[in-house]
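In case it helps, the UniProt record's numbering puts the sequence shown at residues 1 to 616.
Just so you know, even glycine gets a beta-carbon here, dropped at the ideal spot from N, CA and C.
Okay, so here's the structure we're looking at.
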Amino acid sequence: MTLGNDDGLGATLALPEHSKRDDAEHKEDVHQAGLLAHDIADLTPGYFWNPRYLGTIFALSLTTASAYFGFSAPASVLSYINEDIGPTDSESLFSIVWTMCNAISLLVVGRVSDRFGKRSIMLGAGAVAMVGAIMASRAKNMNTLIGANVLLGLASGVHSAVGLFAGEISPHRYKFMIQTAILIPMVISPGLGAYIGRACVETHSWRWIYYILIVILGVGWVIQMFVYFPPTFEQLHGKQRSVLREFQRIDQVGLLLLVAGLTLFLLGISWGGNPKPWHSGLILGLLISGGVTLVAFVLWEAFYPTPNPIVDLRLFKHRGFVCLTVISACSGSMYVGLSIIWPQYVFRVFSTASTSWQTEAWMSSTVGWGIWGGLMIMCPLVNVIGDLRLQILGCVVFSTVFLIALSQVGIVDQSKAIAFSFLTGLPVGFIELGPCVICQLGAPDQEIGMIFGTISCIRSVAGSIFTAIYLAVLNSKAKSKIASIVSQAAIEAGLPQSSLMDLFEALKIGSEAAFAKVPGITAQIEAAVIQAQRVAYSEAFRYVYYSAMPLLGCAIIASIFLPDYNRYMDGHMPKPINMPNAKVVSGSENESPGHLDDTKSTDHVEVEKGSQHRSG
């Protein structure tokens, strides 16, 4: 099927012609993509059961799990790590640099992998991640650990783009099913990450987190070396194109502006409020310079069209792309926000002196279990239910209902809070993954990486922005609620009003020794104060949940206007994987790179003929 101009429903992402971008070399890329694309009916029966295909799926599964585990597990015990090799005030940079590098890497890998092929990028990311994991496991100070997290964050952008890497070697109708298989080991990150991290600290050392990471990553990386053979550079562009020539066609100025702008802006967003106040010169400088640079990037992309733009602004003329981007950004903000906010809620509201670390860790992981469980339930049902728009809309409404319920629980509603947090997170993973898979259905095969990277980067940046908003709301409301609720409870319990300032200083420290120094305090007063503090935090967290509700409202509206993509859930496969020792065949309309001349390879699975290509 050839997807040319938009069909009026906004589902196709075919790009209108542009004289400077759609040059002869672009047309050659479109032709080569058409030769690579196949339909499932054209594949020999053993293709999907070949050890190389199964090995590729298994390896992608391990590297994806390692990407998220390498962040979630150490982040959950970061305070313990800082005590061991710190202390330092730069502790917050651990999360900041990973999130920032992940967002930048996600965008860059999409466009670059379209142009240069995915094998070298995937193996290179594995090498970078391995160096980062080894550095982290041997870190003697927090600065070294933060530097290692830069490498892990950059590699995670590649490994977390599993929707792209698996999507192009999967038929459209089976994309969600294959994603389910790949994401099964992901349970170690959202579901077990916090527990494994704390268990390592309590039983051995936090360094064991990285030892585990090295094993998971290493196994997946080695398997990829032997089984992952996506189309080569020559198959993507033909034999006449050189790597240097293709590098010259990349939008290098746009790439520089985008990376610089995102780096400055995300640093400002992440540092604002904590550790630096929002009105400080540093934060304002980062935000303004980053914002101006990003505006310059948009203007550059709009008025200086290069052959291979990092972000093709023509995409934003498509209703389908805009709706998918809004849904993805809102779900990403929910995913990141819940993952960060919920563990704090558990610690501040439900954790007491008698709560074991195991109980606290399990309670903190309920959102993660919901996210992973939702993926395992919803992805296999996509083909059964059939209506993608209805499924996305239903999931967003479901999450909204239980987020409202979660915002109403109090300190005596622990069981309800655990249940509602799980149910709120249940659809979030599918809502986040869905747009990244759906966007490939109506996309030109040679532009899938760029489209996927654009949506994924916007999602990651939105997550960073709204997480900063959530934390700002929490800090603001917590201060005011503690000031009013705790003060009243302390005075009613018998604490002299003159001791309130000392009491608040003791609350900041949180130790028994600090409370003992408060004039006039007794055990009964201390118990009343701690209980009141839990109530205050419970009230403050409600406003965080309130601030997230408009996001889900936007996602609901975008879901309603989402075009119909069901007709593209067919057997089209953009780029089947090759087998080693395959010879490149290119040149004429009748020759297909899918015909891999590999007479010497006994395990080669032959692709018989090309399917009609989705071009644009």
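Distance, residue j Cα to residue i Cα
| i | j | result |
| --- | --- | --- |
| residue 230 | residue 242 | 18 Å |
| residue 452 | residue 491 | 57 Å |
| residue 183 | residue 54 | 14 Å |
| residue 133 | residue 213 | 7 Å |
| residue 533 | residue 265 | 34 Å |
| residue 352 | residue 270 | 30 Å |
| residue 355 | residue 79 | 18 Å |
| residue 496 | residue 349 | 26 Å |
| residue 432 | residue 234 | 34 Å |
| residue 119 | residue 56 | 11 Å |
| residue 60 | residue 71 | 17 Å |
| residue 45 | residue 573 | 15 Å |
| residue 367 | residue 32 | 44 Å |
| residue 190 | residue 272 | 26 Å |
| residue 369 | residue 377 | 12 Å |
| residue 449 | residue 513 | 57 Å |
| residue 383 | residue 240 | 41 Å |
| residue 561 | residue 324 | 10 Å |
| residue 210 | residue 185 | 17 Å |
| residue 394 | residue 143 | 45 Å |
| residue 315 | residue 411 | 47 Å |
| residue 543 | residue 108 | 36 Å |
Three-state class that DSSP yields for residue i in the structure shown
| i | result |
| --- | --- |
| residue 132 | helix |
| residue 153 | helix |
| residue 46 | coil |
| residue 172 | helix |
| residue 126 | helix |
| residue 449 | helix |
| residue 39 | strand |
| residue 477 | helix |
| residue 577 | coil |
| residue 272 | strand |
| residue 401 | helix |
| residue 250 | strand |
| residue 572 | strand |
| residue 26 | helix |
| residue 470 | helix |
| residue 508 | helix |
| residue 518 | coil |
| residue 426 | coil |
| residue 565 | coil |
| residue 412 | coil |
| residue 584 | For residue 584, the predicted model reports a pLDDT of 43, less than 50, meaning its position is unreliable; a value from the coordinates is still stated below. Residue 584 falls in the coil class under three-state DSSP. |
| residue 242 | coil |
| residue 374 | helix |
| residue 87 | coil |
| residue 495 | coil |
| residue 380 | helix |
Residue span of the alpha helix (DSSP H) that contains residue i, given as start and end
| i | result |
| --- | --- |
| residue 223 | 207-227 |
| residue 278 | Segment: none, residue 278 is in no alpha helix (DSSP H) and carries neither H nor E. |
| residue 51 | 51-76 |
| residue 353 | Run containing residue 353: none; DSSP gives neither H nor E here. |
| residue 386 | That residue, residue 386, is in no alpha helix (DSSP H); it is neither H nor E in DSSP. |
| residue 550 | 523-560 |
| residue 439 | Where residue 439 is concerned, there is no enclosing alpha helix (DSSP H), given that its DSSP letter is neither H nor E. |
| residue 195 | 193-203 |
| residue 234 | 233-237 |
| residue 138 | Here residue 138 belongs to no alpha helix (DSSP H), and DSSP marks it neither H nor E. |
| residue 107 | 93-116 |
| residue 487 | 487-492 |
| residue 164 | 162-167 |
Residue closest to residue i, alpha-carbon to alpha-carbon, out of the options
| i | options | result |
| --- | --- | --- |
| residue 545 | 405, 238, 554 | 405 |
| residue 397 | 52, 558, 54 | 558 |
| residue 63 | 160, 302, 535, 394 | 160 |
| residue 521 | 537, 503, 389, 236 | 503 |
| residue 399 | 27, 338, 112 | 338 |
| residue 440 | 426, 417, 148, 174 | 174 |
| residue 509 | 85, 567, 530 | 530 |
| residue 76 | 194, 409, 42, 90 | 194 |
| residue 167 | 567, 437, 474 | 437 |
| residue 327 | 140, 455, 381, 181 | 455 |
| residue 524 | 548, 489, 99, 143 | 489 |
Cβ of residue i within 9 Å of any chain B Cβ
| i | result |
| --- | --- |
| residue 213 | The structure shown contains no chain B, having only a single protein chain. |
Complete runs of the alpha helix (DSSP H) confined to the stretch 294-369 [at least 4 residues]: List check, alpha helix (DSSP H) in window: 319-345, 357-364.
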